[in-house]
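Worksheet: the structure to be examined is printed underneath.
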Amino acid sequence: MAGINSALSAGRGFIVGDCLTLADVCFVAELGLFHNEKARAQDLKKRGLESILSEKVEEQFPDAMAHFAKLSKHPAFAPDMDPYMQKIERATA
Amino acid sequence: MSQLRIFSYLPNPRIWKATIVARLCGVDIDLRGASPKELQSWLWDFDARPFSAADATEASEVSGHAGFQGKLHKTAAFLQAHPFGTVPAAFSPDGKVGIFESNSIMRAVARLGDVNLGLYGKDPYERHGSTAFSTQVSCSREIHKSICSRWPADPCPRRVIIEPAMHSRFTWPG
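Going down the list, the protein sequences come from chains B and G. Okay, so the first sequence: first residue is 307 according to the numbering used here, each after it adds one. Okay, so the second sequence: first residue is 146 according to the numbering used here, each after it adds one.
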């Protein structure tokens, strides 16, 4: 996450170069998978482990999280991301 | 006929790599699958489907691993195309060529489409930059998964107990 955040902090708007590449697609998919953790936050806490997607994540990796949020609205990304993220939200509500 | 068939447990965010790129590049994908639990009783084949008694002669029982428990039903043709026997499993339209690992499947979709869209990056330097990032983010997830102390419901057999201090190395920025 630190590396992705650092790449994005250059302000080009994308991870590599100045347009969407496979790196952005891959980042979104892998971070999407990490959201599984959210539904298991209590289990992690019980074991003294901090979730990667804790409340502090926006503060720790603002550019990476903003990139994820921005791409979630992209018409090629939204059909996959919307139902999955909504399901995670429901599971953590 | 679709340009690529993919068989996987669903939902699976790693499949997004292929489906997102397919939308961007106008590639027609045939995605088949079911929940991990249901996949235990599917026929693992190019023509993947819920397993029935009629399929018994076609498939051999193979022990599941990496998240799957018990016996799985994999055909010889499936194992020919996918020697590691894993999902997600992509196939050429004739079912003969197997492509495994989600990043490789993603790249296959990009190559089937219009690569001029620049998804690989606009020159050889960016091309390798995008590949390196893709590998890096995928590996991070795998490292995190395999070192994490697992919760009881997790079927991962490679269970390792990790101290909170070590876990924080993978979660702390920098």
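Idealized CB from N, CA, C, for every residue including glycine. Treat the numbers as computed from the prediction; the structure is a model and nothing was measured.
Check	Outcome
Within chain G, partners of Asp369 of chain B - CB distance below 7 Å	By Cβ distance, chain G contributes nothing, its closest Cβ being about 11 Å from Asp369 of chain B, past 7 Å.
Beta-carbon gap between Ser279 of chain G and Gly266 of chain G smaller than 8 Å	no
Closer than 8 Å to chain B by CB, Arg252 of chain G	yes
Beta-carbon spacing of Leu377 of chain B, Arg159 of chain G below 8 Å	no
Outcome for Gly215 of chain G when other beta-carbon atoms lying within 10 angstroms are tallied against a minimum of 16	exposed
Alpha carbon of Ile187 of chain G to alpha carbon of Ala204 of chain G, nearest angstrom	Checking the sequence shown, residue 187 of chain G turns out to be Trp, not Ile. Roughly 10 Å separates the two Cα atoms.
Cβ contact check for the segment 363-375 of chain B and the segment 192-200 of chain G: 3 or more pairs under 8 Å	no
Within chain B, partners of Gln281 of chain G - CB distance below 8 Å	Gly309
Endpoints, beta strand (DSSP E) assigned at Arg353 of chain B	Arg353 of chain B -> no beta strand (DSSP E), and no H or E assigned at all.
Contact set for Gly319 of chain B: own chain, Cβ-Cβ below 7 Å, skip 5 residues either direction	none
Residue(s) in a DSSP beta bridge with Ala384 of chain B	According to DSSP, which records beta bridges pairwise, Ala384 of chain B is partnered with nothing at all.
Extent of the continuous beta strand (DSSP E) run through Leu359 of chain B	First-last for Leu359 of chain B: undefined, no H or E at that position.
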